[in-house]
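These notes concern the structure reproduced below.
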Amino acid sequence: MANPTILTVDDDPAVSRAVARDIRRRYGDRYRVVRAVSGAEALEALHEIKLRGDRLAVMLADYRMPKMNGIEFLEEAMDLFPLARRVLLTAYADTGAAIDAINVVDLDHYLLKPWNPPEEHLYPVIDSLLDAWAATPDPTATETRVVGHRWSAPSFAVRDFLARNLVPYRWLRADEPEGARLLAAAGVTAAEVPLVVTADGTSLVAPAEKELAAHVGLSTMPTADFYDLVVVGGGPAGLGAAVYGASEGLRTVLVEREATGGQAGQSSRIDNYLGFPDGVSGSQLTGRARRQALKFGAEILSAREVVALEAAGSGRVLRFGGGASITAHTVVLATGVSYRMLAAPSLEPFTGAGVFYGSAVTEAPTCSGDEVYMVGGANSAGQAALHFSRYAKRVHMLIRGADLTRSMSTYLLDQIGAIDNIVIHPWTEVIGGKGDGHLEQLTLRDARSGAVDTVATSWLFVFIGAEPRTEWLDGVVARDERGFVLTGPDLTADGVRPAGWSLPRDPYHLETSVPGVFAAGDVRAASLKRVASAVGDGAMAISLVHRYLEAQ
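So the sequence shown is numbered by my numbering: it starts at 40 and just counts up by one.
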């Protein structure tokens with residue numbers, strides 16, 4: 040963390056240099072000393088300090104400055120750094136004004152000019168102020184800060200992106216004092232949020248994911264044009280493939296459109312993953328796998344979407360949105376699945392503003408004391424219900440069937456059954472919703488009787504179905520009627536190899552209809568939708584990659 044700052048401002052150049060010199064002589068080894076010659080220049084310096092997330096310990100301002108006197112400057116500076124200690128430099132004739140300033144800007148001290156010798160008149164004052172400041176330090180940390188509105192969908196999207204990519208950040212609402220100070224420092228209005236201020240002080244207004252990723256330390260550009268292996272998708276299958284590929288000497292790059300971890304990374308808790316008897320959160324598992332892949336030398340590209348796959352001789356070309364491309368000997372498709380959207384058009388405007396697809400665990404503390412509704416009856420919904428029950432007044436699980444026994448693991452059923460504030464609503468579906476700027480009301484229907492009910496809530500989390508989102512592979516890789524990628528034996532029905540297959544052998548077990556292109560995890564047709572099986576697919580795909588490369 041950078042040294043805290045002591046700022047001095049005086050319009051008299053000689054006095055300005057003198058006070059900065061004396062301060063630097065005594066405190067320069069522990070504090071950064073910034074000198075300004077006008078109130079406007081000093082405020083600009085404070086804005087930069089604020090945006091960098093640095094700390095301000097003490098401000099010394101001359102009373103008699105043109106355009107903006109010292110009291111006026113300190114009054115504005117208080118909005119940016121309310122905990123910094125404030126000193127007014129005055130002449131003997133201005134002591135009355137200095138005393139008045141104690142009430143106006145909560146002045147800590149005033150110093151008469153000249154202050155010679157500083158050992159008697161300056162340093163004892165600054166020493167005591169620094170001690171007082173250190174006892175109540177500015178809580179602002181040098182982390183990424185996000186300023187936005189509670190029900191702003193773009194603000195949620197930024198927070199969700201950072202959380203899922205394991206980037207530490209601090210959330211500040213635009214109507215809170217600290218959030219308002221950051222907006223003012225960046226010259227941004229509350230209508231322009233989200234504002235992202237990175238650890239180095241860069242301010243980004245409503246950034247796109249690629250721009251945001253590049254500024255918070257995530258890699259977005261490949262370091263080479265050609266690789267042994269490109270893994271598309273950063274869920275458990277993709278991370279597994281990246282770890283095994285890189286650890287076995289393959290030049291490996293993993294490309295992820297949103298965030299590593301996929302749906303598993305959003306899980307608040309996974310209790311049945313091998314080797315974690317006490318359970319593990321999706322983010323913890325994802326973080327470990329990501330670090331493991333990087334440790335073995337894999338590259339991980341974030342916020343990059345692959346939009347096309349082409350076979351070019353022995354190479355496999357992957358094209359990104361925007362026109363760039365990379366080529367590899369082999370490809371592992373591990374793009375997983377996405378939650379299906381609700382068939383209720385009236386809810387679409389509330390996506391990210393009360394309606395969330397997936398657990399959105401970042402929202403759980405905000406739900407404190409509220410009624411929370413969830414759609415879905417599989418394990419992902421059960422894990423989310425358990426997590427949100429710690430915060431919400433009640434968690435209502437809406438399911439289309441009679442009960443959860445056919446769709447949820449027994450261990451989750453047992454845990455849910457033991458929690459009083461989780462309520463199961465069988466035969467229930469969501470058909471609509473209303474709200475002013477955010478979700479405020481849901482319309483529910485009983486699937487048996489057709490009876491319609493309206494409930495008040497600001498929270499709906501959806502966990503229904505699984506869609507593979509493989510449209511970009513249309514006409515290139517064989518898929519089933521639902522869009523899942525066909526591999527191995529599924530491609531050789533009745534002993535006939537897939538159209539266009541050029542090799543004198545059948546496709547390997549996880550190989551697609553394009554030689555050298557493999558599929559792993561949930562995107563693969565007939566796969567077992569479990570984290571452990573996805574990781575296993577990723578590992579198996581690498582063994583088949585080696586077989587493919589050895590035969591070339």
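Note that the Cβ used here is the ideal one computed from N, Cα and C, for glycine as well.
The stretch 376 to 387 and the stretch 456 to 467 do not touch, with fewer than three beta-carbon pairs separated by less than 8 Å.
In this structure, Tyr-396 lies near Val-501, with their beta-carbon atoms less than 9 Å apart.
Closest in C-alpha terms to Asp-475, from the list Trp-190, Val-515, Thr-325, comes Trp-190. In the displayed model, Arg-308 falls within coil according to three-state DSSP, outside both helix and strand.
A Cβ-Cβ separation of about 6 Å places Ala-79 in contact with Met-107 under the 8 Å criterion.
Remark: fewer than three beta-carbon pairs, one from each stretch, lie closer than 8 Å, so the stretch 505 to 518 and the stretch 185 to 205 are not flagged as touching. With distances taken between CA atoms, Leu-443 lies nearest to Gly-415 out of Gly-415, Thr-526, Val-227. Around the Cβ of Arg-184, a 10 Å sphere holds 16 or more other Cβ atoms; the residue is buried. Around the CB of Val-535, fewer than 16 other CB atoms lie within 10 Å, so the residue is classed as exposed. Separation of Gly-393 and Ala-417 (C-alpha to C-alpha, rounded to the nearest whole angstrom) is 21 Å. Counting only residues of its own chain and dropping the five nearest sequence neighbours on each side, Asp-310 has a CB closer than 7 Å to the CB of Gly-318, Tyr-450.
According to the DSSP assignment, His-160 belongs to no beta strand (DSSP E) but to the alpha helix (DSSP H) extending over 157 to 160. A distance below 7 Å between beta-carbons, with the five flanking residues on each side excluded, links Phe-427 to the following residues of its chain, in chain order: Ala-403, Cys-406, Val-411, Val-434.
Straight across, the Cα-Cα distance linking Ser-322 with Ala-328 is about 10 Å.
Boundaries cannot be given for Lys-106, as no beta strand (DSSP E) includes it and DSSP labels it neither H nor E.
Nearest Cα to Thr-237 within the set Gly-226, Ala-253, Ala-230, Val-227: Ala-253.
In the DSSP assignment, the residues bridged to Asp-485 are Thr-467. Counting only runs of 4 or more residues that sit fully inside the stretch 479 to 546, no alpha helix (DSSP H) segment turns up.
If you look at Thr-325, you'll find it in the alpha helix (DSSP H) that goes 321 to 334. The three-state secondary structure of Met-98, taken from DSSP, is strand. Just measuring C-alpha positions, the residue of Val-584, Val-562, Ala-590 sitting nearest Gln-302 is Val-562. Setting aside the 5 residues that flank it on each side, Asp-264 is surrounded in the same chain by Ile-365, Thr-366, each with a C-beta closer than 7 Å to its C-beta; the list follows chain order. For Glu-349, the uninterrupted beta strand (DSSP E) run begins and ends at 345 to 351, by DSSP.
Linking Val-76 to Ala-57 through their CA atoms gives a straight-line distance of about 12 Å. Beyond the five residues adjoining it in sequence on each side, Asp-118 comes within less than 6 Å, by CB distance, of Arg-220 in the same chain, given in chain order. Annotation for Ala-81: the continuous alpha helix (DSSP H) segment containing it runs 78 to 91.
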